[in-house]
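Residue numbers (numbering that gives the first Met the number 0), protein chains in the order written: chain U, 0 to 206; chain S, 0 to 206.
Note that the Cβ used here is the ideal one computed from N, Cα and C, for glycine as well.
A quick write-up on the structure given underneath.
2 protein chains.
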Amino acid sequence: MARFEKVPDIVIGRLPVYLRALTRLASEGQEITSSQQLGKMLGVSSAQIRKDLSYFGEFGKQGMGYNIAHLQEQLSAILKVDREWEVVVVGAGPLAEALIREDPFAGKGFRIVALFDSRPERIGQRLAGMEILDSAQLPEVVRQRGLKVAILAVPAAEAQQVADTLVAAGIKAILSYASTTLSVPPEVRLQYNDAAAQLQRMAYYLQ
Amino acid sequence: MARFEKVPDIVIGRLPVYLRALTRLASEGQEITSSQQLGKMLGVSSAQIRKDLSYFGEFGKQGMGYNIAHLQEQLSAILKVDREWEVVVVGAGPLAEALIREDPFAGKGFRIVALFDSRPERIGQRLAGMEILDSAQLPEVVRQRGLKVAILAVPAAEAQQVADTLVAAGIKAILSYASTTLSVPPEVRLQYNDAAAQLQRMAYYLQ
């Protein structure tokens with residue numbers, strides 16, 4: 000993978016967006032697309048799309064466009080989501096329930112395999128069919144199963160402590176729904192799923 | 000507000016992130032911060048933070064740092080979240096339930112005031128205490144209440160049609176949880192809350 004080493008993270012961040020657009024086109028029965036069409040769908044320039052993809056080789060013949068199925072496969076392989084990563088969720092609340100029930104990760108490279116909570120009255124209960132395990136067992140389960148990916152769905156006040164535990168156990172990627180800023184070591188990836196921040200960003204433009 | 004007109008959207012997108020970091024510092028009892036401390040928390044340079052804030056005037060005295068409460072107030076005003084925007088949610092599923100129950104928007108400028116679904120068996124029911132209204136009434140309610148902000152929580156296959164309805168009714172900002180790419184007119188803001196895409200972005204770095 001050495002040849003990908005210098006790809007800017009901002010480019011990596013756009014690949015899932017391209018994948019999402021390709022999924023829509025495929026669902027509508029389309030087989031071939033172009034950087035122009037993708038750019039128009041996404042509100043970016045076709046040049047940006049071509050340049051982003053060029054980091055990873057050739058995906059289409061000049062003037063022929065992209066084969067959608069092939070590009071989906073290639074992007075999935077680049078992002079390493081052509082396999083299924085096992086995901087641990089910490090915090091057995093309404094959000095965890097929604098994620099388990101709606102399973103937005105199906106077919107996208109991730110599967111929730113374990114659910115933890117620290118509240119004694121929740122431990123041993125089931126949430127959307129999944130057993131709620133005791134957070135005290137978290138490090139052991141993460142290590143034994145070799146889990147790398149975690150979703151943090153605990154209250155903001157507990158989030159840093161849980162993040163520290165996850166990192167110590169070997170988690171390398173955290174998606175946090177807690178509405179606070181977290182600190183993790185540089186080798187651990189962190190993304191915030193912060194709906195309030197997304198609405199705030201748009202509110203600026205409202206009259 | 001004319002003096003803000005030329006602020007790049009990427010800068011606007013970072014203001015809620017700064018606000019989130021300030022909230023953490025305030026919750027820990029801190030009263031003054033610096034661009035250095037914020038930069039370290041957020042993994043960005045202090046120069047970027049100073050430059051971003053400089054679009055909007057002076058927030059601190061040279062060498063004195065920022066008063067956290069004051070900066071929070073100013074950023075909230077700039078983002079127009081020093082008021083409460085009424086939000087409509089379309090799609091009365093588990094995710095809508097989580098948003099209503101957990102209320103991640105409390106104190107952040109938004110309040111869910113109406114919930115719609117098109118499935119006859121859902122209409123008239125309650126979800127987390129909120130009545131599920133008939134989607135057929137959506138345009139009328141949006142217009143009558145002058146709603147500007149919507150959350151889309153319907154299946155991907157229905158998302159574009161619902162987005163079109165929202166836009167036609169006067170919605171100016173859409174946060175979509177549907178896992179598909181949407182098309183809206185340029186005067187309407189659109190953000191995707193796509194947990195799968197966020198995990199995919201991090202998977203690239205996993206070994």
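Cβ-based contacts, 8 Å cut-off: residues of the region 57-91 of chain U near chain S: ILE77, LEU78, LYS79, VAL80, TRP84 and VAL86
For MET129 (chain U): DSSP bridge partner residues: Paired residue(s): U:LEU126.
C-alpha distance - GLY12 (chain S) paired with LEU198 (chain U), whole-angstrom precision: 10 Å
Contacts of THR179 (chain U) in chain S (Cβ-Cβ under 9 Å): ARG19, ALA20, THR22, ARG23 and SER26
Heavy atom of the ligand GDP within 7 Å of TYR203 (chain S) beta-carbon: For the structure depicted, the ligand GDP is absent and the ligand set is empty, with no information on it obtainable.
Within chain S, the residues that LEU94 (chain U) reaches when beta carbons sit closer than 7 Å: ALA97 and GLU101
Distance, LYS5 (chain S) Cα to ALA105 (chain U) Cα: Using only the alpha carbons, I get a separation of about 41 Å.
Endpoints, alpha helix (DSSP H) assigned at ILE99 (chain U): 93-101
Where ILE207 (chain U) falls: helix, strand or coil (DSSP): Residue 207 (chain U) lies beyond the range of chain U shown here (0 to 206); nothing can be said about it.
Inter-residue spacing [alpha-carbon to alpha-carbon] between VAL16 (chain U) and ILE99 (chain S): 27 Å
Spatial distance of ASP116 (chain S) from ALA152 (chain S) (CA atoms): Looking at the two C-alpha atoms, the distance is approximately 10 Å.
Alpha carbon of ALA1 (chain S) to alpha carbon of LEU14 (chain S), nearest angstrom: Note that ALA1 (chain S) scores 45 on pLDDT, short of 50, meaning its location in the model is unreliable; the coordinates nonetheless yield the value given after this. Cα to Cα, ALA1 (chain S) sits roughly 18 Å from LEU14 (chain S).
Contact check, ARG110 (chain S) vs GLN190 (chain U), beta carbons under 8 Å: no
Interface flag, ASP116 (chain S) vs chain U, CB-CB below 8 Å: For ASP116 (chain S), the answer is no, since every Cβ of chain U falls outside 8 Å of its Cβ.
Classification of PRO103 (chain U) by the beta-carbon crowding that lies within 10 angstroms, buried from 16 upward: Its Cβ being crowded by 16 or more others within 10 Å, PRO103 (chain U) is buried.
Residues near VAL112 (chain U) in its chain [Cβ-Cβ closer than 8 Å; skip 5 each side]: GLU85, VAL86, VAL87, ARG144 and LEU146
Among U:SER34, U:LEU165 and U:LEU24, the one whose alpha carbon lies nearest that of SER182 (chain U): Of the candidates U:SER34, U:LEU165 and U:LEU24, the residue whose Cα lies closest to the Cα of SER182 (chain U) is U:LEU165.
Minimum C-alpha distance to ILE122 (chain S) - residue among S:ARG142, S:VAL89 and S:GLU101: S:VAL89
Below-8 Å beta-carbon distance, ILE48 (chain U) vs any chain S residue: Output row for ILE48 (chain U): interface = no.
Selection from S:GLY59, S:ALA155 and S:GLY169 that minimises the alpha carbon distance to ALA20 (chain U): S:ALA155
GLN206 (chain U) classed as buried or exposed, judged by whether at least 16 other C-beta atoms fall within 10 angstroms: In summary, GLN206 (chain U) is exposed, with fewer than 16 beta-carbon neighbours lying within 10 Å of its beta-carbon over all protein chains present.
Residues bridged to ASP116 (chain S) [DSSP beta-bridge criterion]: The partner list for ASP116 (chain S) (beta bridge, DSSP) reads S:ASP133.
Residue range of the unbroken alpha helix (DSSP H) whose run includes VAL16 (chain S): 8-26 is the extent of the alpha helix (DSSP H) around VAL16 (chain S).
Which residues DSSP lists as bridging ILE111 (chain U), in chain order: U:VAL86, per the DSSP bridge assignment.
Neighbourhood of ARG82 (chain U) by C-beta distance below 8 Å, restricted to the same chain and skipping five residues each side: GLY108
Interface residues of chain U facing GLN197 (chain S) [CB-CB closer than 8 Å]: PRO15, LEU174, GLN190 and ASN192
Within 8 Å, strictly: CB atoms of TYR65 (chain S) and SER33 (chain S): yes
Within chain S, partners of ILE11 (chain U) - CB distance below 7 Å: ARG200 and TYR203
Per DSSP, cross-strand counterpart(s) of VAL148 (chain S): S:VAL86 and S:ALA172
First through last residue of the beta strand (DSSP E) which encompasses LEU37 (chain U): Where LEU37 (chain U) is concerned, there is no enclosing beta strand (DSSP E), although the alpha helix (DSSP H) it sits in stretches over 34-41.
For LEU189 (chain S): DSSP bridge partner residues: S:ILE173
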